[in-house]
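The opening residue of the sequence shown carries number 10 in the numbering used here; numbering runs sequentially from there.
By construction, the Cβ of each residue, glycine as well, lies at the ideal position given by its N, Cα and C atoms.
Step one of this worksheet: look at the structure below.
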Amino acid sequence: MMNTLLLSPDEENLLLAANALKDGQLVGIPTETVYGLGADALNENAVRAIFAAKGRPADNPLIVHVADIDAAMPLCEIDQRSRRVMEAFCPGPITLLMPKKPCVPSVVNAGLSSVAIRIPSHPVAQKLLRLSGVPVAAPSANTSGKPSPTTAQHVYDDLQGKLACIVDGGACQVGLESTVVDMTSPIPTVLRPGGVTPDMLLTVLDEIQVADSVLRPLKEGEQALSPGMRYKHYAPGGQLTLVRGDTEKVQQLISRLYNEAQAQGHSVRVFAFEEHLSAYPGMETASIGRLSEPETIARQLFAVLRQADADGVEVLFSEVLPPEGIGLAVMNRLSRAAAFRVIDANQEELP
Ligand code: AMP
Ligand code: MG
Numbered sequence: 010m011m012n013t014l015l016l017s018p019d020e021e022n023l024l025l026a027a028n029a030l031k032d033g034q035l036v037g038i039p040t041e042t043v044y045g046l047g048a049d050a051l052n053e054n055a056v057r058a059i060f061a062a063k064g065r066p067a068d069n070p071l072i073v074h075v076a077d078i079d080a081a082m083p084l085c086e087i088d089q090r091s092r093r094v095m096e097a098f099c100p101g102p103i104t105l106l107m108p109k110k111p112c113v114p115s116v117v118n119a120g121l122s123s124v125a126i127r128i129p130s131h132p133v134a135q136k137l138l139r140l141s142g143v144p145v146a147a148p149s150a151n152t153s154g155k156p157s158p159t160t161a162q163h164v165y166d167d168l169q170g171k172l173a174c175i176v177d178g179g180a181c182q183v184g185l186e187s188t189v190v191d192m193t194s195p196i197p198t199v200l201r202p203g204g205v206t207p208d209m210l211l212t213v214l215d216e217i218q219v220a221d222s223v224l225r226p227l228k229e230g231e232q233a234l235s236p237g238m239r240y241k242h243y244a245p246g247g248q249l250t251l252v253r254g255d256t257e258k259v260q261q262l263i264s265r266l267y268n269e270a271q272a273q274g275h276s277v278r279v280f281a282f283e284e285h286l287s288a289y290p291g292m293e294t295a296s297i298g299r300l301s302e303p304e305t306i307a308r309q310l311f312a313v314l315r316q317a318d319a320d321g322v323e324v325l326f327s328e329v330l331p332p333e334g335i336g337l338a339v340m341n342r343l344s345r346a347a348a349f350r351v352i353d354a355n356q357e358e359l360p
């Protein structure tokens, strides 16, 4: 096993990390969405090492990160529509699927015709991309099956010994993976919701559609629009159930289910909005952020899930938020973490 360096983002360390990338090594990179496990996208062996380190199936394509639109041009065909989206939202938490050019090795995009391109806004990611001068293929820097990492320590916990270094850029601002938009379909299609919402996209596009599997499981035999949608997503060690309905009914039902699970000897935890914590007196709770500021929920969700695993919690109940704005991305990740287990408190009979 190699010795993984945890680096502060000073000039000297950034040069060291940039050189590691140029050398074909793996580097943990902070971005505004989540931490990435990066390697030179044009170096096939380096890209293969990403899949090996994560335990990621080879048919799940990677996102290629570049510093700006000019650096994307050798990699993909950017039509007028895509350019409008890029000019409006890049750098930022959005990934565009566009037709691939031949220089990108097919190991990066699992042999598909499109390649996923993202321009991160995090200043450390920007500096690393410019210093290294190479496009960087990077999936989230977690072990496959774990929540995406939002701190350098999360990356270290999952992957130490499997990468050259991790640059510590602090906690991620957005906290959820980028919005993935397929720009190759007749109507641009959101395959994965993220920090750039469909409403935001509509300010520069005439139409947008959201893949309807965003908030439900794929049906038996249904073709996934994006390979990543096929894979089982992170599921906590404990069993998570989402409870929806009128606020008061949700709180009553969660309290009842909490007490039942506890009476059976389980360790139990409630994921509640900051504003609702006092509705669960005497129960173990974790704040998932403020309902009035849903971006705070996006920012801390993965850390809260990781903490529940670290604490060995067996049974979890969570409040839910409307799937609007950034709430759509939050509910997409929460629904998957709960394996789509949702109870409607308005339809449950309370004793
Ligand atoms: P990750 O890098 O782990 O955040 O995952 C990237 C996501 O983008 C996965 O869900 C991939 O399946 C998806 N993706 C990347 N490239 C393509 C592509 N060319 N076509 C469809 N989906 C893609
Ligand atoms: Mg991932």
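- DSSP three-state call for Gln135: helix, strand or coil? helix
- 8 Å contact criterion, which Asn22 and Leu30 should meet: CB distance rounded: Their Cβ separation, rounded to whole angstroms, is 13 Å, which puts Asn22 and Leu30 out of contact at 8 Å.
- Item | Through-space distance from Leu211 to Val339, alpha-carbon basis | 20 Å
- Item | Three-way DSSP call (helix, strand, coil) for Lys63 in this model | helix
- Using beta-carbon positions only, say whether Ala354 and Val252 come within less than 8 Å of one another. yes
- Query: In terms of residue numbering, what span does the alpha helix (DSSP H) encompassing Thr256 cover?
  - Reply: Thr256 to Ala272
- Query: So which of Val124, Gly254 and Ile38 has the shortest CA-CA distance to Leu51?
  - Reply: Val124
- Whole-angstrom C-beta distance between Arg93 and Val213, which should lie under 8 Å: 5 Å
- Query: Bridge partners of His74, per DSSP?
  - Reply: Arg127 and Val145
- Item | Reduced DSSP category for Met107 - H, G, I as helix; E, B as strand; rest coil | strand
- Message: Helix, strand or coil, according to DSSP, for Arg278 in the structure here?
- Response: strand
- Item | Proximity of Leu262 and Ala173 at Cβ, strictly below 8 Å | no
- Alpha carbon to alpha carbon, how far is Asp79 from Ala27? Give it in angstroms, no decimals. 19 Å
- Message: According to DSSP, is Arg92 part of a helix, a strand, or is it coil?
- Response: helix
- Message: Within a Cβ cutoff of 6 Å, which residues of the same chain sit near Gln260, ignoring the five residues on either side of it in sequence?
- Response: Ala288
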